[in-house]
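Visitor:
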Amino acid sequence: MADTVTIEKVSIIVSKGSLEGIYPALIMANGARAEGIEAELFFTFFGLDAITKKRWEHIKLATVGNPGLHLPTLLGGIPGVPDLITRAMERKMDKLGIPPIPEFIEMIADTGAGIYACKASVDLFELDKDDLVEQVQGIITVGEFYEHAAGGQIIYT
1 MADTVTIEKV
11 SIIVSKGSLE
21 GIYPALIMAN
31 GARAEGIEAE
41 LFFTFFGLDA
51 ITKKRWEHIK
61 LATVGNPGLH
71 LPTLLGGIPG
81 VPDLITRAME
91 RKMDKLGIPP
101 IPEFIEMIAD
111 TGAGIYACKA
121 SVDLFELDKD
131 DLVEQVQGII
141 TVGEFYEHAA
151 GGQIIYT
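Heads up: the sequence shown at position 103 corresponds to 103 in full-length UniProt numbering, and the numbers run straight through without jumps.
1. Output the residue ranges of the beta strand (DSSP E) runs that lie fully inside the region 85 to 157 and measure 3 residues or longer, sorted by chain position.
2. Between Lys129 and Ile139, is the Cβ-Cβ spacing less than 8 Å?
3. Tell me whether Val5 is buried or exposed, calling it buried when 16 or more other Cβ atoms sit within 10 Å of its Cβ.
4. Are Val142 and Ala117 close, meaning C-beta to C-beta below 8 Å?
5. As a quick exercise: from Asp123, Gly21, Ala34, Ser15, pick the residue whose alpha carbon is nearest that of Ala113.
6. In three-state terms, what does DSSP make of Leu19?
7. Answer yes or no: do Phe125 and Phe42 have a C-beta to C-beta separation smaller than 8 Å?
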């Protein structure tokens, strides 16, 4: 019989700003909290869209170059197709009880999960704390992220 390892903490890096880049991290963080595991989300590069006030309600599914859609790249680039496919996916997720990104982030924050923005990315995109949603607990450096993550598992989505 194999030994089991108890995970007590996960730190999840979110670097993509599309539905398929953000939702896996949110689902994993929510699942961790449901299991009593400490969880933190670290949003960097385009993942910041999920926690930026002007963007978090307008996240789309990546339709160009996304092999999981089984959609020819040419079709994915036609105007209106990304919106159509995103709405279809959102309807499916709604039927499954998966909340929209703003509600999901609020729900995860309410469980005590940490939500942080990457300082280098915030600086790169010329954002500040006022541009981010209220659930963001801080804008931290990569070094500070590693301090938060110490002793736990780091997951990159």
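Virtual Cβ for every residue (Gly too), placed ideally from N, Cα, C.
Guide: Looking at the coordinates:
1. 114 to 118, 138 to 140, 153 to 156
2. yes
3. exposed
4. no
5. Ala34
6. helix
7. no
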